[in-house]
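Engineer: Once you've had a glance at the structure underneath, I'll fire off some questions.
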Amino acid sequence: MLNKLKNILALSFKYLTSAMWILVVLAIIYFYAIEQNNRDDKAEVNSQKVVYDTKEDKFIVFNKAQKKDVSAVQNDNAGDKKSDTVNAQVIDKKVQENTTNQNMQANTPDAATQPATPKVDKVLPKVAFLVVNLGLSESATKMSLSLPPEVAIGISTYSANIPYWENEFANDGHDIFAELPLEPEDYKTEDRGFLSILSYNTNKQNQDNFNAIIKKFSKIIGFYTFGNEIFSSSDKAKTFYKLVKDKGLKVVYGASNIEIDIAKLFRVLGIGFINSPVVLDTEVTEDYINKQLNTLVANAQKNGRAYAIIRPYPISIRLITNWIDKNKKKSDVKIVKITDIIN
678 MLNKLKNILA LSFKYLTSAM WILVVLAIIY FYAIEQNNRD DKAEVNSQKV VYDTKEDKFI
738 VFNKAQKKDV SAVQNDNAGD KKSDTVNAQV IDKKVQENTT NQNMQANTPD AATQPATPKV
798 DKVLPKVAFL VVNLGLSESA TKMSLSLPPE VAIGISTYSA NIPYWENEFA NDGHDIFAEL
858 PLEPEDYKTE DRGFLSILSY NTNKQNQDNF NAIIKKFSKI IGFYTFGNEI FSSSDKAKTF
918 YKLVKDKGLK VVYGASNIEI DIAKLFRVLG IGFINSPVVL DTEVTEDYIN KQLNTLVANA
978 QKNGRAYAII RPYPISIRLI TNWIDKNKKK SDVKIVKITD IIN
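In this note's numbering, the protein residues as written are 678 to 1020.
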């Protein structure tokens, strides 16, 4: 009985052991199946791709068979992003350009507010003219009224109608000078009249003559003299020229070469003066006057300025008037009033 029971237990244990192994195998198979299923699910998930379609505004799931579609959507999206980037760059560039232009406009003065660029005139030699001894001949003086206003007018101290001629010429814009009858080299052969300023007069006599001359004129800015005078070298000259200075008058000195002492005296006293004229009509011919005009221009080009003296001869007035008009158009020299070149 006992042996039978042992056999039954042994057989049961055998079957129980087999069953346990079967359960173990089944468990292994079960877990393997689960693991394989998980791997398949994972593989399926990995084979899928989710892409956001910017055009459709949604997410799209693609498998391996739809790989090209994925690329197409990605390319479209990339193209959209690239286009957006390019457009953004273009817009940004335009904004920068507009900003730059606005800054440049803000920093650039308006042409209307900019000061005009000063025009630099060409420096031309200056020439001036003085016609002398007017008032002695009515016809010659009337003819001189046709001269351009740049020409200075020298009226004789012994003219019969000084106030009238002064007004006529002043109204036309001429500068007016009075004759100053200084003692000549040879007083016996060249009398300068009863109002002459002489070296052998007393200072009082010369002052009286000066005052008599001044009373005749009301519009003069100075005196003109003839070149062959000797009074300015005398010991009476300084006292006399103080009278000229006190009146604020200038001197157009007729000598070709002023003596050093005379020029020094004028400068010490502060008297404006000019000397070394070109006398145009020593010979009253057209050829001679034209020749002297060329000399005048040459002197001006050399020294920067020059002046000429003429007498009121009809030919002199005609030639000078034409010459001035011609040279104003040519601009080879600048025609100025004689006061513009007085020291």
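We put the beta carbon where it would ideally sit given N, CA and C, even for glycine. Just so you know, these numbers come straight off a predicted model, no measurement behind them.
(1) Would a C-beta distance cut-off of 8 Å place ASN1020 and GLY931 closer than the cut-off?
(2) Taking the beta strand (DSSP E) that LYS803 belongs to, which residues open and close that run?
(3) Contact defined as beta carbons within less than 8 Å: I believe ILE951 pairs with TYR984. What is the distance between those atoms, to the nearest angstrom?
(4) What's the call for TYR918, buried or exposed, on a 16-neighbour Cβ count within 10 Å?
(5) Are the CB atoms of ASP852 and ILE898 within a distance shorter than 8 Å?
(6) Less than 6 Å between C-beta atoms, sequence neighbours within five positions excluded: which residues of the same chain meet that for LYS803?
(7) Going by beta carbon distance, what residues of the same chain come within less than 7 Å of ASP938, once the five residues before and after it are set aside?
(8) Counting along the chain, where does the alpha helix (DSSP H) carrying PHE887 start and finish?
(9) In whole angstroms, what is the alpha-carbon distance linking THR962 and ILE997?
(10) Please identify the residue among LEU822, PRO954, GLY904, TYR835 whose C-alpha is closest to the C-alpha of TYR990.
(11) The beta strand (DSSP E) with GLU856 in it runs from where to where?
(12) By how many angstroms is the C-alpha of LYS979 removed from the C-alpha of ASP1009?
(13) Quick one: give me the first and last residue of the beta strand (DSSP E) that ILE986 is part of.
(14) What is the residue span of the beta strand (DSSP E) that ALA829 lies within?
(15) Give a yes or no on contact between the segment 880-899 and the segment 837-846, applying the rule of three or more CB pairs nearer than 8 Å.
(16) So LEU872 and THR834 are supposed to be a Cβ contact under 8 Å. How far apart are they, rounded?
(17) Could you spell out the range, first to last residue, of the beta strand (DSSP E) harbouring TYR835?
(18) Can you give the beta carbon distance from ILE966 to LEU957, rounded, assuming they're within the 8 Å contact cut?
(19) Using DSSP with H/G/I as helix, E/B as strand and the rest coil, what is VAL800?
(20) For PHE943, list the residues DSSP reports as bridge partners.
(21) Quick check: GLU827 and ILE992, are their CB atoms within less than 8 Å of each other?
(22) By the 10 Å Cβ neighbour count, where 16 or more other Cβ atoms means buried, how is ALA975 classified, buried or exposed?
(23) Per DSSP, GLU867 is paired with what?
(24) Please state whether DSSP places VAL974 in a helix, a strand or coil.
(25) By a C-beta neighbour count over all protein chains shown, 10 Å radius and 16 as the cutoff for buried, is LEU700 buried or exposed?
(26) Out of ILE832, ARG869, ALA914, LYS922, state which residue places its alpha-carbon closest to the alpha-carbon of LEU813.
(27) Going by alpha carbons, who is nearest to LYS881 out of LEU857, LYS1007, LEU824, THR916?
(28) Which residue marks the beginning of the alpha helix (DSSP H) containing LYS1003, and which one marks its end?
(29) Looking at the secondary structure, which residues open and close the alpha helix (DSSP H) in which LYS913 lies?
(30) Going by beta-carbon coordinates alone, are LEU811 and ILE994 separated by less than 8 Å?
(31) Please work out which residues of its chain come closer than 8 Å, Cβ to Cβ, to ILE768, disregarding the five sequence neighbours upstream and downstream, and give them in chain order.
(32) In the DSSP output, which residue or residues are listed as bridge partners for GLU906?
(33) Does DSSP put ILE1019 in a helix, a strand or coil?
(34) Thinking C-alpha only, which one of PHE943, LEU807, GLU936, ALA914 is nearest PHE846?
Structural biologist: From the atom records:
(1) The residue labelled residue 1020 in the question sits at position 343 within the sequence shown. The residue labelled residue 931 in the question sits at position 254 within the sequence shown. No. Outside cutoff.
(2) If you number the sequence shown from 1, residue 803 lands on position 126. Its beta strand (DSSP E) spans residues 803-811.
(3) The residue given as residue 951 occupies position 274 in the sequence shown. The residue given as residue 984 occupies position 307 in the sequence shown. Confirmed, Cβ separation roughly 6 Å.
(4) What you label residue 918 is simply residue 241 of the sequence shown in a count that begins at 1. Buried is the call here.
(5) Residue 898 sits at position 221 when you count from the first residue of the sequence shown. Residue 852 sits at position 175 when you count from the first residue of the sequence shown. Using a Cβ distance threshold of 8 Å, ILE898 and ASP852 count as a contacting pair.
(6) Indexing the sequence shown from 1 puts residue 803 at position 126. Cβ within range, chain order: ARG982, LYS1011, VAL1013, ILE1018.
(7) Along the sequence shown, one-based indexing puts residue 938 at 261. Counting only Cβ-Cβ distances below 7 Å, and skipping sequence neighbours, we find SER910.
(8) Your numbering for residue 887 matches position 210 in the sequence shown. Annotation: the continuous alpha helix (DSSP H) that includes PHE887 extends over 880-893.
(9) Within the sequence shown, residue 962 is the residue found at index 285, counting from 1. Within the sequence shown, residue 997 is the residue found at index 320, counting from 1. C-alpha separation (whole angstroms): 13 Å.
(10) For the purposes of this step, residue 990 is taken as residue 313 along the sequence shown, with counting starting at 1. With distances taken between Cα atoms, TYR990 lies closest to LEU822.
(11) Within the sequence shown, residue 856 is the residue found at index 179, counting from 1. Run containing GLU856: 853-856, per the beta strand (DSSP E) assignment.
(12) Numbered from its first residue, the sequence shown carries residue 1009 at position 332. Numbered from its first residue, the sequence shown carries residue 979 at position 302. One C-alpha to the other measures close to 13 Å.
(13) On the sequence shown, position 309 is the one that residue 986 refers to. Annotation for ILE986: the continuous beta strand (DSSP E) segment containing it runs 982-987.
(14) Here residue 829 refers to the residue found at position 152 when the sequence shown is read from its first residue. 829-832 is the span of the beta strand (DSSP E), which, as asked, contains ALA829.
(15) In the pairwise beta carbon analysis, the segment 880-899 is classified as touching the segment 837-846: at least three pairs are separated by under 8 Å.
(16) On the sequence shown, position 195 is the one that residue 872 refers to. On the sequence shown, position 157 is the one that residue 834 refers to. With a Cβ gap of about 6 Å, LEU872 and THR834 count as contacting.
(17) In the sequence shown, counting from the first residue as 1, residue 835 sits at position 158. Unbroken run through TYR835: none, as it is neither H nor E.
(18) Here residue 966 refers to the residue found at position 289 when the sequence shown is read from its first residue. Here residue 957 refers to the residue found at position 280 when the sequence shown is read from its first residue. With a Cβ gap of about 5 Å, ILE966 and LEU957 count as contacting.
(19) Residue mapping note: residue 800 aligns to position 123 of the sequence shown, counting from 1. DSSP places VAL800 in coil when its eight states are reduced to three.
(20) Translated into the one-based positions of the sequence shown, residue 943 becomes position 266. DSSP, once it has assigned bridges, lists no residue as partnering PHE943.
(21) Indexing the sequence shown from 1 puts residue 827 at position 150. Indexing the sequence shown from 1 puts residue 992 at position 315. No.
(22) Along the sequence shown, one-based indexing puts residue 975 at 298. Exposed is the call here.
(23) To locate residue 867, count along the sequence shown from 1; it is residue 190. Partner(s): none; GLU867 has no beta bridge.
(24) Position 297 of the sequence shown, counted from the start, is the residue given in the question as residue 974. Here VAL974 sits in helix by DSSP.
(25) For the purposes of this step, residue 700 is taken as residue 23 along the sequence shown, with counting starting at 1. It counts as exposed.
(26) Position 136 of the sequence shown, counting from 1, holds the residue named residue 813. Per the Cα distances, ILE832.
(27) As a working mapping, residue 881 is identified with position 204 in the sequence shown. The shortest C-alpha to C-alpha distance from LYS881 to any of LEU857, LYS1007, LEU824, THR916 is the one to THR916.
(28) The residue given as residue 1003 occupies position 326 in the sequence shown. Per DSSP, LYS1003 belongs to the alpha helix (DSSP H) from 991-1007.
(29) Locating residue 913 in the sequence shown gives position 236, where the first residue counts as 1. Here LYS913 belongs to no alpha helix (DSSP H), and DSSP marks it neither H nor E.
(30) As a first step, residue 811 must be located in the sequence shown, where it is residue number 134. As a first step, residue 994 must be located in the sequence shown, where it is residue number 317. The Cβ atoms of LEU811 and ILE994 do not sit closer than 8 Å to each other.
(31) For the purposes of this step, residue 768 is identified with residue 91 of the sequence shown, where counting begins at 1. Its pLDDT being 42, under 50, ILE768 is placed unreliably by the model, and the measurement read from it follows with that caveat. Same-chain partners within the cutoff: there are none.
(32) Walking along the sequence shown from the start, residue 906 turns up at place 229. DSSP lists PRO861 as the beta-bridge partner residues of GLU906.
(33) Numbered from its first residue, the sequence shown carries residue 1019 at position 342. In the three-state reduction of the DSSP assignment, ILE1019 falls in the coil class.
(34) Indexing the sequence shown from 1 puts residue 846 at position 169. Distances from the alpha-carbon of PHE846 to those of PHE943, LEU807, GLU936, ALA914 put LEU807 closest.
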